[in-house]
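Encoded as structure tokens, the structure appears first; notes follow it.
Residue numbers (the numbering used here), protein chains in the order written: chain A, 15 to 530; chain B, 55 to 208.
Right, here's the structure in full:
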């Protein structure tokens with residue numbers, strides 16, 4: 015293994031490959047910042063450019079683009095509340111309120127430091143434990159994966175507002191329903207296509223994300239224009255950025271969530287199918303549940319913990335998602351699926367044999383990920399004030415430009431103008447649901463996990479001859495399902511518990527008064 | 055009686071779940087597949103049942119408050135922008151990326167309240183050309199010039 019690491023290091027420090035990391039990070043940040051163009055699009059756009067490069071250089075470039083795009087997507091989440099990719103949806107929950115309070119600089123700095131920590135810890139864990147972690151994930155069966163997906167979906171309860179759990183569950187169901195549209199993956203029959211050719215492949219994730227977040231968010235700002243004076247003040251505060259420096263107290267506040275979320279994110283990222291998106295949602299949910307008193311109330315209002323947790327988790331998970339890709343040949347996320355395509359285009363079949371046959375390539379990608387993190391921190395943090403200049407564009411110009419980026423982001427992937435029209439229709443539905451206070455993120459989570467959830471449930475049922483006993487017969491499955499049930503039902507049962515607690519206290523006070 | 059937004063939401067989801075559940079019976083099955091433990095219909099029918107149950111709970115537990123006031127919403131520009139985007143989708147293949155984008159931007163700037171037509175046109179042209187150059191020359195993406203271009207150039 016040491017020989018492999020040294021070979022990888024020598025490949026990664028080659029001037030050409032170092033340049034590829036720098037170029038990748040910068041290009042990725044730029045593309046990621048544009049709402050609609052997330053890491054999947056950024057990497058897909060890079061594939062034709064990498065054909066002329068050596069496999070290691072090409073893959074290092076794409077890994078840099080991946081990191082850069084996630085960093086850029088976080089910046090757009092914070093600055094304009096338009097997540098560039100699903101993994102940074104949660105970043106907007108607390109990042110944007112911070113920006114609106116005039117602390118955009120601080121929010122971006124926390125995001126950069128948390129991403130760096132998550133990425134660094136992820137890269138170290140990957141270096142140390144890649145083979146072992148690969149064997150752990152090998153022992154997972156369909157039933158465990160199904161339970162893990164259910165756990166991922168139950169996280170919606172953790173980040174939905176008070177009294178919103180039922181609505182969040184319903185939106186998750188809608189997401190799962192949307193995921194069933196298209197050709198069934200096991201039997202190849204069409205479902206809910208109504209004879210439309212455009213629906214045979216189902217809905218595009220990018221299209222749904224753009225329609226329900228970037229487009230709907232932008233149009234909501236048009237539908238509900240705030241007080242012009244407030245808006246001007248807000249915009250002035252956001253464009254001023256504020257200080258990039260963090261106080262000792264703030265560092266202390268974010269340190270523990272960052273470390274916890276890095277480990278959680280990496281573990282989630284290693285499991286095939288559970289990528290950076292689930293990691294960020296889970297990390298946010300965990301930190302929110304762990305927080306007490308005022309710290310808990312701050313979640314959604316501009317909490318530094320709520321910003322640091324998903325940011326470190328999504329970077330650690332991005333690193334972790336390379337484990338199943340490189341060692342098992344299974345893409346851990348949509349982005350690594352695109353990378354898998356790129357590897358195959360180079361004639362390299364990822365899997366256990368890649369570890370033996372191309373050790374220099376295997377380890378150079380892992381080492382260059384760490385370099386990518388350093389470069390993002392060194393190069394991109396000073397660039398933040400320039401990136402924030404986007405906010406000084408007048409509203410009559412900014413709104414149409416964001417709309418254009420969103421619709422072309424989808425159009426440039428498929429070159430199908432029908433997608434734009436479907437997007438407009440979904441955006442109208444999303445606007446209606448937003449006006450009725452339905453959360454959008456659970457729908458996306460349901461959509462992302464829908465296909466995998468169905469595949470694993472089908473396999474588990476077929477193996478178990480149609481019996482549901484797999485839910486309680488496998489300890490790992492039972493553990494995941496139990497945690498999911500606790501996460502989902504605790505907010506529903508909390509009012510009952512609070513009522514009984516208040517009654518007990520009342521009885522106690524009554525007894526005390528009687529005793530006196 | 056005033057209907058709360060929770061009940062309206064519940065009703066919409068009930069209709070959606072019923073519609074989804076009804077069409078789940080149209081999913082074709084292979085002969086004998088109905089005896090399989092899992093078919094392409096299994097998950098959709100389970101989801102439809104969950105959706106119906108959740109909708110009924112929401113409608114029963116929904117309060118009587120109607121928090122969203124539609125009176126204060128500025129519908130007109132938002133609706134116009136939606137129409138502009140829809141039109142962009144219809145015209146982009148016919149007009150080509152550059153022309154359709156310039157027109158979309160000029161119209162959208164106008165909808166958003168920009169009154170200086172010359173400034174709007176200059177910004178739209180400069181922005182579109184820069185964006186087109188980035189896509190085609192830097193990112194090497196081929197953009198179809200559009201049917202209109204082919205008409206004029208034979």
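Just so you know, even glycine gets a beta-carbon here, dropped at the ideal spot from N, CA and C.
Computed from a predicted structure; not experimentally measured.
- Report yes if the CB atom of residue 164 of chain A is closer than 8 angstroms to the CB atom of residue 495 of chain A, and no otherwise. yes
- Message: To the nearest angstrom, how far is the alpha carbon of residue 326 of chain A from that of residue 87 of chain B?
- Response: 46 angstroms
- Rounded to whole angstroms, what's the CA-CA distance from residue 514 of chain A to residue 503 of chain A? Just pull it up for me. 17 angstroms
- Inter-residue spacing [alpha-carbon to alpha-carbon] between residue 377 of chain A and residue 453 of chain A: 41 angstroms
- Which runs of the beta strand (DSSP E) fall wholly inside the segment 171 to 205 of chain A and span at least 3 residues, in chain order? none
- Message: Quick check: residue 92 of chain A and residue 125 of chain A, are their CB atoms within less than 8 angstroms of each other?
- Response: yes
- Spatial neighbours of residue 109 of chain A within its chain, please: CB distance less than 6 angstroms, with the 5 preceding and 5 following residues excluded, ordered by chain position. 91, 92, 121 and 321
- Query: Which stretch, first to last residue, makes up the alpha helix (DSSP H) that contains residue 82 of chain B?
  - Reply: From DSSP, residue 82 of chain B is part of no alpha helix (DSSP H); its letter is neither H nor E.
- Query: By Cβ distance below 6 angstroms, which residues in the same chain neighbour residue 22 of chain A in space, the five residues on each side in sequence not counted?
  - Reply: 374, 377, 378 and 381
- Message: Let's see if you can read the secondary structure: which residues bound the alpha helix (DSSP H) around residue 160 of chain B?
- Response: 151 to 165
- Consider the C-beta atom of residue 326 of chain A and the heavy atoms of the ligand GTP; say whether any pair is separated by less than 7 angstroms. Although the ligand GTP was asked about, the structure shown includes no ligands whatsoever.
- Task: May I have a chain-ordered list of the alpha helix (DSSP H) segments no shorter than 4 residues that lie completely inside the segment 284 to 331 of chain A?
- Result: 290 to 304 and 307 to 311
- Task: Run the CB neighbour count on residue 421 of chain A, radius 10 Å, all protein chains shown included, and call it buried at 16 or more, exposed below.
- Result: buried
- Query: Assuming residue 108 of chain B contacts residue 67 of chain B under a Cβ cut-off of 8 angstroms, what Cβ separation, rounded to an integer in Å, is found between them?
  - Reply: 7 angstroms
- Item | the segment 183 to 202 of chain A / the segment 85 to 101 of chain B touching (three or more Cβ pairs under 8 angstroms) | yes
- Message: If we define contact as Cβ-Cβ less than 8 angstroms, is residue 239 of chain A a contact residue for chain B?
- Response: yes
- chain A residues whose Cβ lies nearer than 7 angstroms to that of residue 157 of chain B: The contacting residues do not exist; residue 157 of chain B stays about 11 angstroms from chain A at best.
- Query: Which class does residue 207 of chain B belong to by DSSP, given the choice of helix, strand or coil?
  - Reply: coil
- In whole angstroms, what is the alpha-carbon distance linking residue 148 of chain B and residue 204 of chain B? 10 angstroms
- Message: Restricting to runs no shorter than 4 residues, where is the alpha helix (DSSP H) found entirely within the segment 466 to 520 of chain A?
- Response: 484 to 487
- Message: Just verifying my parser: in three-state terms, what is the DSSP assignment at residue 117 of chain A?
- Response: coil
- Should residue 301 of chain A be labelled buried (16 or more other beta-carbon atoms within 10 Å of its own) or exposed? buried
- Task: Measure the CB-CB distance between residue 129 of chain A and residue 85 of chain A and report whether it falls below 8 angstroms.
- Result: yes
- Would you mind reading off the limits of the alpha helix (DSSP H) that contains residue 231 of chain A? 230 to 237
- Query: My guess is that residue 276 of chain A and residue 82 of chain A are in contact by the Cβ rule of under 8 angstroms, so how many angstroms apart are they, rounded?
  - Reply: Wrong, their Cβ atoms sit about 19 angstroms apart, outside the cutoff.
- Task: Could you please give the first and the last residue of the uninterrupted alpha helix (DSSP H) stretch that includes residue 453 of chain A?
- Result: Run containing residue 453 of chain A: none; DSSP gives neither H nor E here.
- Task: Leaving aside the five residues before and after residue 353 of chain A along the sequence, list all residues of the same chain whose C-beta is less than 7 angstroms from its C-beta, in chain order.
- Result: 57, 76 and 339
- Query: Beta carbon of residue 477 of chain A, beta carbon of residue 156 of chain A: below 8 angstroms?
  - Reply: yes
- Output the distance between the C-alpha atoms of residue 106 of chain A and residue 469 of chain A, rounded to the nearest integer angstrom. 31 angstroms
- Helix, strand or coil: which one does DSSP assign to residue 460 of chain A? helix
- Residue from A/466, A/390 and A/271 whose Cα sits closest to the Cα of residue 89 of chain A: A/390
- Query: Roughly how many angstroms lie between the CA atoms of residue 296 of chain A and residue 28 of chain A, to the nearest whole one?
  - Reply: 38 angstroms
- Message: Does the CB of residue 206 of chain A have a neighbour CB from chain B at under 8 angstroms?
- Response: yes
- Query: For a contact meaning CB atoms closer than 8 angstroms, what does residue 86 of chain B contact in chain A?
  - Reply: The premise fails here: residue 86 of chain B is roughly 12 angstroms from chain A at the closest Cβ pair, so nothing lies under 8 angstroms.
- Task: State the start and end residues of the unbroken alpha helix (DSSP H) segment that holds residue 104 of chain B.
- Result: 96 to 115
- Kindly list the residues whose CB is nearer than 7 angstroms to the CB of residue 99 of chain B, restricted to its own chain and excluding five residues on each side of it in sequence; keep chain order. 75 and 78
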